[in-house]
Amino acid sequence: HAEREYSLTHKIRGAFTYPAVILTLFLVVGVVMMIYIVPQLTLMLEELNQEIPFTTKVLIGTSEFLKSYIWLVVLILVALIVGLWRGIKTEKGRILLDRFKLRIPIFKGIFQKVYLARFSENLRTLLKGGIPILKALDITAIVIGNKIYENIIKQAREKVRKGETISSAFSAYPKEITPMLSQMVGVGEKTAQLDSILEKVAIFYKEEVDRMVANMTQLIEPFMILILGAGVGFLVASILMPIYNIASGI
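Using the UniProt record's numbering, the letters of the sequence shown correspond one by one to residues 1 to 250.
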């Protein structure tokens, strides 16, 4: 169980890490060029009294801003990172972050299925180990790893305590709990085979996450190439165009 959970988390982190690293490297290279290379180009153009193309003017303006206010930019970025980090450590911040995960286009489906797989796997393990349903729901809520789902499971637990079924309690949350999960849980409750049904559900959602992560990675790669190509093209054109104009005028 722990190995499967680690594998699932590792795949998702890997899908996010690749574009984040590439974008960070591109930004670092871009900032270095703005601070050290573009000013040299500016001096050369001023000495030769050359007309500066619009894209080069944008590049020079950005370079001058970064050179003058780089420490302010760094300070603002650090303050934002620290503020966000401290914010998500609070109860309210954690709820906002967990809700945001379930609203991000493209990624929300992956996160939803991760939590549904985690719910199914943990509840199955506890029930198979002989833990009473109410206690099993309590533990599952704690280990689910998302405040939104934690609250849903806790509310479902209270309804089960009052005599309702888990499936009927889950039906009140159609956005977070898929109809398939509610229906499968209902079948398990009626046939007294909830643990075996949950095992099948967990396997299904884990396979879905694997498929979605693989598809997302395939989509991200050409998108990243397009974005980086446009960025590199802009930088190269902005630097080479005035040099080409100088060479043409000789």
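We treat Cβ as the ideally placed atom computed from N, Cα and C, and that holds for glycine.
Just tell me which of 140, 59, 102 has its CA closest to the CA of residue 174.
102
Comparing alpha-carbon positions, which option in 181, 31, 171 lies nearest residue 121?
181
Using alpha carbons as the reference points, say which of 87, 115, 171, 206 lies closest to residue 150.
115
Our contact map puts residue 110 next to residue 201 with C-beta atoms below 8 angstroms; I'd like the distance itself, whole angstroms only.
Contact flag wrong, Cβ pair sits at about 17 angstroms.
CB contact flag (residue 63, residue 34, <8 angstroms)
yes
Rounded distance between the beta-carbons of residue 198 and residue 186, thought under 8 angstroms:
Between residue 198 and residue 186 the Cβ distance is about 12 angstroms, and since that is not below 8 angstroms, they are no contact.
Under a three-way DSSP split, which group does residue 163 fall into?
coil
How is residue 157 classed by DSSP in three states: helix, strand or coil?
helix
Could you check the C-alpha separation between residue 243 and residue 60 for me, to the nearest Å?
14 angstroms
How many angstroms separate the CA atom of residue 280 from the CA atom of residue 51?
It is not possible to answer for residue 280, since the shown part of the chain is limited to 1 through 250.
When 15, 29, 17 are compared against residue 232, the one with the closest alpha-carbon
29
Under 8 angstroms, with one C-beta from each stretch per pair, do the segment 10-27 and the segment 222-229 reach the 3-pair mark?
yes
Give the range of the alpha helix (DSSP H) segment to which residue 104 is assigned.
Residue 104 -> no alpha helix (DSSP H), and no H or E assigned at all.
For residue 176, which three-state DSSP category applies?
coil
Relative to the C-alpha of residue 162, which candidate in 178, 134, 176, 206 has its C-alpha closest?
134
Buried or exposed, going by whether 16 or more other CB atoms sit within 10 Å of the CB of residue 104?
exposed
Coil, strand or helix - residue 202 by DSSP
helix
Enclosing alpha helix (DSSP H) for residue 251 [first to last residue]:
Examination of residue 251 is not possible in this model, given that the chain is present from 1 through 250 alone.
So the candidates are 113, 157, 160; which of them puts its Cα closest to the Cα of residue 204?
113
How many Å lie between residue 227 and residue 23 at the Cα?
9 angstroms
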